[in-house]
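Encoded as C-alpha cells, the structure appears first; notes follow it.
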Amino acid sequence: MPAAGRSPAGRRLLLEWVLVAVLATAAAAGATWSNLLTRADGAVYDALASVSGRAADPAIIIVAIDDRSLAELGRWPWPRARHAALLNGLAAMKPEAVVYDVLFTEPDAADPELARAMTAAGKVFLPVLVEPGMNGAHLNQVAPAGLLAGAAGGLGQVIIRPDRDGVVRRRERCPAPTARPLAEVVLGLATPLPQAACAAELIPFPGPPGAYRTISFGSVLRGEAPAEFFTGKRVLVGATALGMTDHFQTPMGGAGGMSGVELQANILDALDRGVTRGEAGWLLRLAIAVLPLWILMAGFLTLSPARNLALAVGLGAATLGLSIMLFGLGRLWLSPVTTLAVLLLVFPLWGWRRLAMASDYLKAEFERLGGRLEAPVANGPVADVVAGQARALSGAISRMDALRRFADDILASLPDATLVTDADGRVIQANAAGEALLGPDLVGQPLTALLRRLEPAGLEDGRPAGTHPLALRDGRTLLMMTAPRRGEGGGQVGEVISLADATQLMATARQREQALQLLTHDMRSPQTSILALLQQSPGLEPTVVGRIAANARRTLALADGFVQFARAEASRLAHEPVDLCDVISEMADELWPQAQQKKVEFIQEGCEEPCLVLGDLSLLARAFGNLFQNAVKYSPAGGRIVVALAREDGRVRVSVTDQGPGLTPDEMASVFEPFKRFARPDAGGDPGAGLGLAFVRSVVTRHGGRATCESVPGAGARFVVDLPARL
5 MPAAGRSPAG
15 RRLLLEWVLV
25 AVLATAAAAG
35 ATWSNLLTRA
45 DGAVYDALAS
55 VSGRAADPAI
65 IIVAIDDRSL
75 AELGRWPWPR
85 ARHAALLNGL
95 AAMKPEAVVY
105 DVLFTEPDAA
115 DPELARAMTA
125 AGKVFLPVLV
135 EPGMNGAHLN
145 QVAPAGLLAG
155 AAGGLGQVII
165 RPDRDGVVRR
175 RERCPAPTAR
185 PLAEVVLGLA
195 TPLPQAACAA
205 ELIPFPGPPG
215 AYRTISFGSV
225 LRGEAPAEFF
235 TGKRVLVGAT
245 ALGMTDHFQT
255 PMGGAGGMSG
265 VELQANILDA
275 LDRGVTRGEA
285 GWLLRLAIAV
295 LPLWILMAGF
305 LTLSPARNLA
315 LAVGLGAATL
325 GLSIMLFGLG
335 RLWLSPVTTL
345 AVLLLVFPLW
355 GWRRLAMASD
365 YLKAEFERLG
375 GRLEAPVANG
385 PVADVVAGQA
395 RALSGAISRM
405 DALRRFADDI
415 LASLPDATLV
425 TDADGRVIQA
435 NAAGEALLGP
445 DLVGQPLTAL
455 LRRLEPAGLE
465 DGRPAGTHPL
475 ALRDGRTLLM
485 MTAPRRGEGG
495 GQVGEVISLA
505 DATQLMATAR
515 QREQALQLLT
525 HDMRSPQTSI
535 LALLQQSPGL
545 EPTVVGRIAA
555 NARRTLALAD
565 GFVQFARAEA
575 SRLAHEPVDL
585 CDVISEMADE
595 LWPQAQQKKV
605 EFIQEGCEEP
615 CLVLGDLSLL
625 ARAFGNLFQN
635 AVKYSPAGGR
645 IVVALAREDG
655 RVRVSVTDQG
665 PGLTPDEMAS
675 VFEPFKRFAR
685 PDAGGDPGAG
695 LGLAFVRSVV
705 TRHGGRATCE
715 SVPGAGARFV
725 VDLPARL
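Okay, structure coming up:
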C-alpha cells in the first residue's frame, strides 16, 4: 500500500477499493450460487462441444420407428406381435443387447408372445414410466406389464431434462429413487449411488443427430439388413418419427432436434467409453471467479492503468485457457463466464471511480492553489469536465515549470556559492559558484563531506547552523548562512546554504575594531591625562585652564560617541524582554540633576502598566537617554518635557516632546544623519559631536522600528520611536 494512503485522498482510495472489492466478490458469489449466467455458460459450453466432437461408436445401432415405418406398417401403436417379430428377427442375428425404448405398461393378450421373443433375443432392456408422484411422493414409477418385466434383462428410466434454455447437455444420475438410468442398467452399472454422488454428468455428443448408424424398423422386419450388421452390437429400438416423440436440442445443433432414443445411444456410448464430463462444484466455481478478481484488485493498488489492462486481459485469457484445458483433458466443465463477467464489470467500475477521484482531486488542488498561480487562458472548446481539468493541469504544470526555471535562473545568477539540500543533508541543487568553490558533481553528496574539502577550522564538532564564519587554512574566511526549506505542512525538508567570501569584510571588521580600540584607549588616555594635569596645576590662568579642559572633554565625548555609534551599528543584539516603562523611568531619573538645574519638568504618560518589547536593554536605554538629553539641552528654563507611550496594532510608540527652539524643514531632513550639529545660541553648552540622534536611529532600526521627528521652528520638537511590541 502506498504511503499516500495515509492522506485523505489515499484513505478515500482505500475505502472505495474495499467497497468495489466487496461488491464484486458478492456479485461473483451471487452469480455462482444462483446460476444467474446459465445461458451464457451454456453458450460457451456449446461452442466448445461443437469443436470437440468424437467418432460415434459403430457397435451401437438404432432401429428407428420412423415416418417410413409408420407409413409401411400402419398407425401407432402397433400390436405387440409386430414387436415380437422384430425381436425374433434380431435374435437370429445375435446382438449383444437390445434396448427397447418403448413403454409396455398396459397388459396385452400378446404379452406371452412378446415375452418369448424377448427371451429368445437374449438381453432385452425395457424402460419404466416415471410420472409425477401422488400424495406427496416425488415420482411415481410404472413398470412394464408383468410378463414383460420378468422377461426383460433389466429395467431403467430414460428421463431427459433440458437446461433452462431448452438444450440437453446433461444426464440425470439419480432421477428416481428406485429405478436407475437405463443406460447404466445395460452396462451393468446399476449399483445404487449415495446422494452425494448423484450430480448430473455432461454428455459428450459425438456429433449432431444422425451420428449413429440407423436402420428403419420396417427394413429390419423385411430382412434387408445382413446378419453381421447386428451381430455383437448394442441395438436401441425407439421412435424417431416427428409428432410421435419429443425431439431435443443439443449442443451439436441439427434441424429438428435429437430423438430420445438417439439421446439414449449417446448416453450409452459415453458411459461405455467413460468419457462423460463432470461439472465443477459451487465452491470451485466461486474460487475460480474470485481468485482472478482479487489478483486484479491487488493490481489496482500497485500497477499503472496500462499494466492493469494487460493484467485483466491476461487473467481473462488464463481463466478461459484453464476452462478449455479442463474441458478437453480433464473431462471437467469449469465455466469461465462468471470470472469474465466479474472482470468486465470491475475493470470499468474501478476505472470510473478512479476517474471520479482524480477529477475531485484535481478540482481540490486547483482550489487549494487559489490565486498562487495565474489563471490559464482558455484555448479552444473543451470536450468535457475531465478534459478541461487535464488542460488546466497542463497549464499549471507549464506555469510551475516556468517558476522552477525562474528559481533556477535566480540560483544560477547568485554571485555567492549557494547549495540546496534535502532533509538528509544531501545536495540536490548547486549553482556555478558552488561548483567553482567545492568542485563538480555536487548533487547527491553530503554537505558536511563537501565542507570538509575546504579544511575549515572548527568543523570537527559538526556543521554549525545559522550564520557562521568559516576560517580556512589558506587564510580566507567564508561566511556560511543557512536558511531552512519548509514543506507544505510547515516541516523542514532541507536547507539553503550560502557560502560568501567574507575575507575582505572580516579584514574591514578587524580594522574597525582596531579603530575603536584606538578611540577608546589611545585617544581617551591623553585627554584624561590632560584633565588630570590641569587639576594638579593651580598656577595656570583660569581662563586658559577652562578652555583646555572644555576641549579635552569635547574630545572625550566625541570619541565616546563615535565608539557607541559604531557598536550600535555592528554589535550583536541581545533579544530579551525589555520593559520600556522601566527604561523611560531610569533614563529620566539619570537626567534629573541636569533637568533640575534648568527647572525642566519631566512628565510621563501611558506607563500605568508594563510595556514589553524584545531587544537589547543597554542599547535601548542609551537611545532613549540621548533623546532625553537632547530634550533637556534644548528646553528653556522652566520648560516641560512630555514622554508619552501608546500601544497600537501590535506596536509601541514613544514620543518625546520638548518646548525648545524647534527645527527647520531642512534640519529635520538630516537630523538623524551622523555628525549633524545644529547650534542654538540660547541652548548654551557644547553643541556636541552630532552622533546622538544617529545612534538613536541605528538602534531603533536594528530593533525593527522607526525613528521620526516632527517640529515647527520656535514651537519645540517631537521625536517619535515606533517599535514592535512583544505580544
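Using our numbering, read the sequence shown as starting at 5 and increasing by one per residue. Note that the Cβ used here is the ideal one computed from N, Cα and C, for glycine as well.
Cβ-Cβ distance between residue i and residue j below 8 angstroms
| i | j | result |
| --- | --- | --- |
| residue 617 | residue 647 | no |
| residue 280 | residue 207 | yes |
| residue 630 | residue 676 | no |
| residue 338 | residue 292 | yes |
| residue 65 | residue 237 | yes |
| residue 703 | residue 624 | yes |
| residue 448 | residue 431 | yes |
| residue 333 | residue 32 | no |
| residue 253 | residue 192 | no |
Through-space distance from residue j to residue i, alpha-carbon basis
| i | j | result |
| --- | --- | --- |
| residue 47 | residue 92 | 45 angstroms |
| residue 288 | residue 294 | 10 angstroms |
| residue 721 | residue 406 | 53 angstroms |
| residue 672 | residue 511 | 36 angstroms |
| residue 168 | residue 50 | 14 angstroms |
| residue 86 | residue 158 | 21 angstroms |
| residue 628 | residue 581 | 16 angstroms |
| residue 74 | residue 226 | 14 angstroms |
| residue 118 | residue 72 | 23 angstroms |
| residue 164 | residue 267 | 9 angstroms |
| residue 241 | residue 136 | 25 angstroms |
| residue 285 | residue 205 | 12 angstroms |
| residue 369 | residue 445 | 36 angstroms |
| residue 96 | residue 263 | 27 angstroms |
| residue 184 | residue 243 | 21 angstroms |
| residue 239 | residue 346 | 47 angstroms |
| residue 420 | residue 409 | 19 angstroms |
| residue 81 | residue 113 | 15 angstroms |
| residue 309 | residue 321 | 18 angstroms |
| residue 314 | residue 302 | 14 angstroms |
| residue 155 | residue 123 | 6 angstroms |
| residue 37 | residue 304 | 27 angstroms |
Residue closest to residue i, alpha-carbon to alpha-carbon, out of the options
| i | options | result |
| --- | --- | --- |
| residue 177 | 331, 186, 267 and 23 | 186 |
| residue 477 | 471, 344 and 460 | 460 |
| residue 601 | 471, 636, 272 and 116 | 636 |
| residue 94 | 639, 223 and 598 | 223 |
| residue 30 | 343, 244, 308 and 122 | 343 |
| residue 323 | 353, 340, 312 and 313 | 340 |
| residue 490 | 300, 426, 665 and 258 | 426 |
| residue 595 | 409, 606 and 114 | 606 |
| residue 418 | 296, 392, 706 and 505 | 505 |
| residue 612 | 626, 583 and 249 | 583 |
| residue 255 | 53, 58, 192 and 319 | 53 |
| residue 190 | 499, 127 and 250 | 127 |
| residue 270 | 62, 669 and 360 | 62 |
| residue 12 | 282, 362, 102 and 713 | 362 |
| residue 147 | 136, 109 and 184 | 109 |
| residue 351 | 319, 286, 695 and 78 | 319 |
| residue 261 | 304, 214 and 233 | 214 |
| residue 654 | 615, 634 and 729 | 729 |
| residue 396 | 494, 409, 310 and 365 | 365 |
| residue 438 | 707, 501, 481 and 174 | 501 |
| residue 663 | 716, 705, 701 and 712 | 716 |
| residue 298 | 316, 282, 311 and 283 | 316 |
| residue 726 | 711, 719 and 718 | 711 |
Per DSSP, the bridge partner or partners of residue i
| i | result |
| --- | --- |
| residue 104 | 241 |
| residue 145 | 134 |
| residue 585 | Answer by DSSP bridge pairing: none, since residue 585 is not bridged. |
| residue 178 | DSSP, once it has assigned bridges, lists no residue as partnering residue 178. |
| residue 339 | In DSSP, residue 339 forms no bridge with anything. |
| residue 645 | 606 |
| residue 723 | 660 and 713 |
| residue 262 | 252 |
Integer-rounded CB distance, given that residue j should sit under 8 angstroms from residue i
| i | j | result |
| --- | --- | --- |
| residue 457 | residue 479 | In fact, because the Cβ distance is near 17 angstroms, the residues do not count as touching under 8 angstroms. |
| residue 639 | residue 587 | In fact, because the Cβ distance is near 20 angstroms, the residues do not count as touching under 8 angstroms. |
| residue 115 | residue 151 | 5 angstroms |
| residue 24 | residue 277 | Residue 24 to residue 277, Cβ: 47 angstroms. No contact. |
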